[in-house]
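Chains as they are written, first to last, in the working numbering: chain A, 234 to 626; chain B, 234 to 626; chain C, 62 to 241; chain D, 62 to 241.
One structure is given here, and the rest of the page talks about it.
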Amino acid sequence: MGGIGRMRQRISVIAALLSAAGVQAQAQTPPRPPELPVEESDVAALPVLGPRVVMVNTNWGSTGARLFDGDTGKMLGLIHEAQLSNVALDPAGRYFYVAESIWTKGNRGTRQDMLTVRDARTLKVVREIALPGRLLVGTRKHDLGISADGRYAYVYDFDPASSIIVVDLVRSRVLGRTEVPGCGLSAAIGAAASLSLCADGALAVTTLDARGRGSVSRSESFFSAENDPIFDNFAVDTASGAAMMLSYTGLVYPVDASGEPKAPTPWSVQEAAGLPRASTAPLAVNWLPGGRQPMAWHKPSGRLFVLMHMGEYWSQKEPGTELWVIDSATRRVLTRKKLKHKASFVEVSQDAQPLLFLNEEETLWVLDAATLEQKHEIANAGGGTLTTFGPVR
Amino acid sequence: MGGIGRMRQRISVIAALLSAAGVQAQAQTPPRPPELPVEESDVAALPVLGPRVVMVNTNWGSTGARLFDGDTGKMLGLIHEAQLSNVALDPAGRYFYVAESIWTKGNRGTRQDMLTVRDARTLKVVREIALPGRLLVGTRKHDLGISADGRYAYVYDFDPASSIIVVDLVRSRVLGRTEVPGCGLSAAIGAAASLSLCADGALAVTTLDARGRGSVSRSESFFSAENDPIFDNFAVDTASGAAMMLSYTGLVYPVDASGEPKAPTPWSVQEAAGLPRASTAPLAVNWLPGGRQPMAWHKPSGRLFVLMHMGEYWSQKEPGTELWVIDSATRRVLTRKKLKHKASFVEVSQDAQPLLFLNEEETLWVLDAATLEQKHEIANAGGGTLTTFGPVR
Amino acid sequence: MPDHSSDARFERLLRRLAGHSSRRGILARLGATIVAAPVFPLLPVSHAQSGKDRSVRGKTGFARTAQTKDDTQCDYWRYCAIDGSLCTCCGGGVHTCPPGTEPSPTSWVGTCINPDDGRAYLIAYRDCCGSSACNRCNCDNTDRATEIYRPSTNNDIIWCFGVSSMEYHCSTAVVVGTAE
Amino acid sequence: MPDHSSDARFERLLRRLAGHSSRRGILARLGATIVAAPVFPLLPVSHAQSGKDRSVRGKTGFARTAQTKDDTQCDYWRYCAIDGSLCTCCGGGVHTCPPGTEPSPTSWVGTCINPDDGRAYLIAYRDCCGSSACNRCNCDNTDRATEIYRPSTNNDIIWCFGVSSMEYHCSTAVVVGTAE
Chain A
234 MGGIGRMRQR ISVIAALLSA AGVQAQAQTP PRPPELPVEE SDVAALPVLG PRVVMVNTNW
294 GSTGARLFDG DTGKMLGLIH EAQLSNVALD PAGRYFYVAE SIWTKGNRGT RQDMLTVRDA
354 RTLKVVREIA LPGRLLVGTR KHDLGISADG RYAYVYDFDP ASSIIVVDLV RSRVLGRTEV
414 PGCGLSAAIG AAASLSLCAD GALAVTTLDA RGRGSVSRSE SFFSAENDPI FDNFAVDTAS
474 GAAMMLSYTG LVYPVDASGE PKAPTPWSVQ EAAGLPRAST APLAVNWLPG GRQPMAWHKP
534 SGRLFVLMHM GEYWSQKEPG TELWVIDSAT RRVLTRKKLK HKASFVEVSQ DAQPLLFLNE
594 EETLWVLDAA TLEQKHEIAN AGGGTLTTFG PVR
Chain B
234 MGGIGRMRQR ISVIAALLSA AGVQAQAQTP PRPPELPVEE SDVAALPVLG PRVVMVNTNW
294 GSTGARLFDG DTGKMLGLIH EAQLSNVALD PAGRYFYVAE SIWTKGNRGT RQDMLTVRDA
354 RTLKVVREIA LPGRLLVGTR KHDLGISADG RYAYVYDFDP ASSIIVVDLV RSRVLGRTEV
414 PGCGLSAAIG AAASLSLCAD GALAVTTLDA RGRGSVSRSE SFFSAENDPI FDNFAVDTAS
474 GAAMMLSYTG LVYPVDASGE PKAPTPWSVQ EAAGLPRAST APLAVNWLPG GRQPMAWHKP
534 SGRLFVLMHM GEYWSQKEPG TELWVIDSAT RRVLTRKKLK HKASFVEVSQ DAQPLLFLNE
594 EETLWVLDAA TLEQKHEIAN AGGGTLTTFG PVR
Chain C
62 MPDHSSDARF ERLLRRLAGH SSRRGILARL GATIVAAPVF PLLPVSHAQS GKDRSVRGKT
122 GFARTAQTKD DTQCDYWRYC AIDGSLCTCC GGGVHTCPPG TEPSPTSWVG TCINPDDGRA
182 YLIAYRDCCG SSACNRCNCD NTDRATEIYR PSTNNDIIWC FGVSSMEYHC STAVVVGTAE
Chain D
62 MPDHSSDARF ERLLRRLAGH SSRRGILARL GATIVAAPVF PLLPVSHAQS GKDRSVRGKT
122 GFARTAQTKD DTQCDYWRYC AIDGSLCTCC GGGVHTCPPG TEPSPTSWVG TCINPDDGRA
182 YLIAYRDCCG SSACNRCNCD NTDRATEIYR PSTNNDIIWC FGVSSMEYHC STAVVVGTAE
């Protein structure tokens with residue numbers, strides 16, 4: 234279309250609008266408040282994220298990692314992600330890292346695995362680092378680890394052979410891939426190591442050398458990955474390499490992964506409550522841990538928060554109907570709290586007066602972790618793994 | 234990894250499996266049924282789709298156009314689609330056409346609008362025809378029309394100026410674009426025309442010439458697109474160019490779009506029930522049509538099925554609480570049926586003993602269109618526009 | 062009071078509806094397109110709701126019960142024709158897009174009555190685009206909302222024209238003028 | 062009865078778990094990888110559930126209440142460790158992928174007891190891939206299901222390796238042998 238035709242049309246539109254809306258007399262009602270001013274559209278930036286912010290990573294269905302302020306209960310923003318992604322925060326708080334897999338035509342075309350780097354204030358894409366692969370699985374936290382100094386990302390891949398892809402976040406490139414045969418996960422430990430669990434019941438630690446190449450050392454086997462597995466979503470202190478792991482029967486494994494991996498000595502959450510250990514026999518009904526992220530660890534106080542349900546063994550995905558607060562030093566249950574609503578995910582902030590977060594379906598509950606009093610019930614918060622920002626992942 | 238290492242590992246795995254699972258004696262319990270045979274994986278093909286099949290097009294959220302057999306209530310398959318797509322069947326039943334818009338990186342990257350042609354039996358992609366654009370909007374049927382002879386597709390585009398993109402389905406290429414300023418939609422009419430509604434209350438028919446170029450002719454204005462709009466999801470007989478349209482207040486417009494578009498003469502569904510016409514005044518509560526696809530037309534019998542609710546005007550998206558069955562020849566309501574469940578979408582099969590389909594949220598109900606007796610309630614069927622396969626779209 | 066009789070008001074308003082952002086030449090490209098489309102009534106201000114009757118009798122059901130205190134509720138006065146997630150529940154505000162999203166320079170419009178001053182305002186519902194659906198505080202209000210062949214008042218269209226991504230996240234409700 | 066003491070059975074079973082499809086060279090590429098991974102117990106057949114105790118006392122809660130009549134229900138006997146949508150509700154069958162999808166040559170496995178014959182069977186849960194989620198008849202049964210570091214019995218992984226699309230649609234439950 235030519236410019237002149239456009240201009241003529243434009244004038245006629247304005248004329249039409251004028252004749253329609255134009256000359257209406259104003260009814261003057263004397264003491265009226267002033268008109269609302271016209272407004273500009275703008276865009277919010279995220280605040281610096283404190284320890285009392287929680288991220289709910291919905292990585293199936295209506296995807297997005299939603300950030301909530303635990304004190305106000307308000308949503309702060311959503312980090313965009315493809316289906317089945319992992320999201321982690323740079324320890325220095327500058328970036329979000331999204332490990333995602335996108336096909337050029339949705340369900341078809343070329344597969345593109347990438348670590349998308351987003352600015353932590355604006356959430357804009359800073360860069361995309363192409364990855365040679367990654368595992369597609371829901372509700373797992375430790376498929377993506379960020380080293381304590383923010384230098385390396387560890388992306389767990391299974392294709393279906395197991396390996397850890399190491400990304401240099403300073404130089405924005407993949408350094409290489411270390412095979413971890415028979416093991417899985419890639420939780421960051423310290424500045425240059427990554428923790429995995431193995432199908433033979435061992436721990437594996439992949440340590441990077443000066444050139445970023447990994448070598449794997451393994452502990453003795455100490456649990457049965459077949460008969461009493463440790464939940465994938467354990468709690469790990471990235472800085473120290475200490476971790477708290479929990480098995481289907483309710484055994485707690487206090488792990489020290491700072492040096493050569495050592496087999497930990499477990500204790501029972503049921504015994505901590507004065508009950509017998511859980512039986513795996515059919516027909517035996519026990520209190521058992523369950524859900525998708527069934528345990529949170531408040532490291533400063535040594536408290537564990539465990540989602541428990543009554544059931545037979547092999548009910549490990551059942552959401553918790555009780556929350557057990559356990560002192561990991563004395564190995565005693567301090568409180569057993571019946572939950573108003575079942576929950577499959579639990580996380581705790583790492584500050585001095587911590588907040589507890591529970592998630593089920595699309596609802597997020599915020600509780601005072603000391604009194605277990607509910608502070609917020611947040612509807613349509615999404616559903617998935619919970620992450621607070623601090624050393625414990 | 235070298236081949237020899239692989240072979241050695243392989244042997245040791247087999248050995249390990251043998252020692253684990255190996256030599257268990259078989260307990261012989263005498264009169265046992267034979268073992269189940271081992272099975273092969275295979276893939277089903279769709280049957281030829283008869284008139285009693287309905288397609289539920291969920292084009293937001295968990296996308297996919299799901300096909301259900303109205304007689305058995307069983308799902309037959311899902312036609313993959315990107316969010317906010319349109320899906321239409323080739324009148325000869327050979328292909329499904331999916332008008333979809335896909336970005337190379339999910340929410341970013343390069344936009345790719347295409348008409349994806351899928352085999353109607355295998356649902357495999359036969360080809361993709363690149364489109365120069367299309368409108369992104371939910372729950373609209375007439376953004377994609379297929380001509381009665383299956384030769385042309387009409388894709389409605391708004392960017393934000395209105396046009397119809399004509400695709401030659403025989404040669405698999407876009408023929409061109411016809412601007413339909415101030416109008417919208419692109420329902421197929423006959424072999425070489427497309428029907429739109431306009432903001433000034435007119436009909437517009439875009440007719441293709443021998444080279445596939447469109448020219449637009451318009452009727453007189455006959456309704457108010459601002460004060461009493463006609464619902465986008467009207468019913469049109471592609472073969473004859475006859476259409477039944479319904480406005481927010483409940484006026485039925487029997488349209489003949491076979492030749493030069495003519496302004497139809499409306500009648501009122503409320504008057505057909507012996508009630509006064511609906512008022513648009515605030516505080517006036519009327520029976521009003523509502524939902525997203527509020528009317529179905531059984532062309533052989535001339536019956537209309539309209540979803541009605543009680544409410545004030547500007548409640549046009551309210552789902553129906555009653556179903557009104559109307560004889561369009563005598564303009565009399567034959568039945569007013571109180572629905573057990575509200576419904577926003579209604580469609581009817583075009584055979585002699587038709588089935589009626591109702592949809593709300595994720596549930597699909599199948600009723601006998603004569604007795605209005607429920608035959609199936611189908612959970613998790615998806616939610617969106619309903620289409621049966623026949624001349625009436 | 063705006064001057065209804067001058068072209069300047071309409072120019073201003075069109076610029077505002079188009080976000081009067083010349084970033085990426087949007088106005089040049091889209092503004093002209095919008096203006097050029099001969100029968101889009103961009104300013105649906107001449108009818109019942111923008112008339113003088115502010116009594117209960119003159120108001121729609123929405124307007125009679127609308128409130129001005131909580132912009133995270135569907136019955137907040139500006140939301141009379143909104144469809145989608147409220148950005149106020151998503152890390153944004155009533156005219157502020159959440160982090161990581163962009164306001165579309167184009168929008169559909171509504172005419173809503175502010176119960177505090179009795180005036181009808183023209184509201185531009187600007188979608189915030191670029192991130193997956195916020196999916197919180199979903200509302201679908203339909204005062205004077207129309208079908209897609211009259212797009213300026215249709216709230217089903219993804220109004221993310223002219224931004225770098227057409228992924229819908231949430232909707233804002235921006236006061237762009239009075240409608241009296 | 063299969064011959065437990067010969068390599069042939071395992072070769073056969075591995076081929077079956079890998080779909081014994083040489084189309085697109087999948088077996089060559091993936092089969093080898095699976096076999097090479099030293100500590101995947103591909104055949105979790107040696108434990109409680111595959112033992113001789115078929116009394117109520119020897120069965121999990123799932124096995125005690127499982128039925129053999131309706132394969133569109135979560136309690137159908139083969140589904141003891143399934144997670145996802147049942148293909149029987151999606152236009153497919155218990156070992157048949159719906160139109161437009163492909164069975165993955167890889168799978169996780171379960172060991173389920175058929176109440177009709179009292180035998181434990183090895184079930185390959187083959188995902189059907191290539192179309193968006195069917196999202197009907199969603200089940201999540203967990204008999205002997207493990208975590209992702211023991212993938213052969215993990216039902217959360219998207220088991221669409223080696224097919225042209227990794228889009229998850231639904232899951233089948235294919236008898237690949239007895240586990241006694």
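Built from N, CA and C at the ideal position, the CB exists for glycine as well.
Computed from a predicted structure; not experimentally measured.
Which residues in chain B sit within 8 Å of residue i, going by Cβ to Cβ distance?
{"i": "residue 193 of chain D", "result": "295, 296, 297, 311, 313 and 314"}
{"i": "residue 157 of chain D", "result": "274, 275, 276 and 277"}
Just curious, the beta strand (DSSP E) that residue i is in, first and last residue?
{"i": "residue 503 of chain B", "result": "Careful: residue 503 of chain B lies outside any beta strand (DSSP E), inside the alpha helix (DSSP H) at 502-505."}
{"i": "residue 486 of chain A", "result": "484-489"}
{"i": "residue 557 of chain B", "result": "553-560"}
{"i": "residue 307 of chain B", "result": "Unbroken run through residue 307 of chain B: none, as it is neither H nor E."}
{"i": "residue 619 of chain B", "result": "618-621"}
Taking residue i as the reference, give the member of the options with the closest Cα.
{"i": "residue 151 of chain C", "options": "C/169, C/179 and C/161", "result": "C/161"}
{"i": "residue 558 of chain A", "options": "A/341, A/537 and A/530", "result": "A/537"}
{"i": "residue 442 of chain A", "options": "A/267, A/601 and A/427", "result": "A/427"}
{"i": "residue 235 of chain D", "options": "D/172, D/205, D/195 and D/197", "result": "D/172"}
Which of helix, strand or coil does DSSP assign to residue i?
{"i": "residue 231 of chain C", "result": "strand"}
{"i": "residue 354 of chain A", "result": "coil"}
{"i": "residue 259 of chain A", "result": "Here the model assigns residue 259 of chain A a pLDDT of 46, short of 50, so the residue's position is not dependable, and the following value carries that caveat. DSSP places residue 259 of chain A in coil when its eight states are reduced to three."}
{"i": "residue 212 of chain C", "result": "helix"}
{"i": "residue 569 of chain A", "result": "strand"}
Under 7 Å Cβ-Cβ, which residues of chain A neighbour residue i?
{"i": "residue 180 of chain C", "result": "268"}
{"i": "residue 335 of chain B", "result": "338 and 339"}
{"i": "residue 235 of chain C", "result": "272 and 274"}
Between residue i and chain D, is any beta-carbon pair separated by less than 8 Å?
{"i": "residue 511 of chain A", "result": "no"}
{"i": "residue 374 of chain A", "result": "no"}
{"i": "residue 429 of chain B", "result": "no"}
{"i": "residue 321 of chain B", "result": "no"}
{"i": "residue 370 of chain A", "result": "yes"}
{"i": "residue 284 of chain A", "result": "no"}
Got a sec: is the Cβ-Cβ distance from residue i to anything in chain B below 8 Å?
{"i": "residue 177 of chain D", "result": "yes"}
{"i": "residue 210 of chain C", "result": "yes"}
Looking at the secondary structure, which residues open and close the alpha helix (DSSP H) in which residue i lies?
{"i": "residue 126 of chain D", "result": "122-126"}
Between residue i and chain A, is there a C-beta pair that is closer than 8 Å?
{"i": "residue 150 of chain C", "result": "yes"}
{"i": "residue 196 of chain C", "result": "yes"}
{"i": "residue 247 of chain D", "result": "The question about residue 247 of chain D has no answer, for chain D in this structure spans 62 to 241."}
{"i": "residue 345 of chain B", "result": "yes"}
{"i": "residue 126 of chain C", "result": "no"}
Does any residue of chain C bring its CB to less than 8 Å from the CB of residue i?
{"i": "residue 378 of chain B", "result": "no"}
In chain A, what lies closer than 9 Å to residue i by C-beta?
{"i": "residue 186 of chain D", "result": "Per Cβ cutoff of 9 Å: no residues; residue 186 of chain D is ~14 Å from chain A at best."}
Taking residue i as the query, report the chain A residues whose CB atoms sit under 8 Å from its CB, ordered along the chain.
{"i": "residue 238 of chain C", "result": "271"}
Taking Cβ-Cβ distances shorter than 7 Å, what residues in chain C pair up with residue i?
{"i": "residue 464 of chain B", "result": "208"}
{"i": "residue 549 of chain B", "result": "203"}
So residue i contacts chain D; which residues on that side make the cut at Cβ distance below 8 Å?
{"i": "residue 417 of chain A", "result": "208, 209, 210, 211 and 212"}
Could you work out which residues of chain D lie near residue i, taking near to mean beta carbons separated by less than 7 Å?
{"i": "residue 595 of chain A", "result": "Within chain D, no residue comes near residue 595 of chain A; the closest Cβ sits about 15 Å away, beyond 7 Å."}
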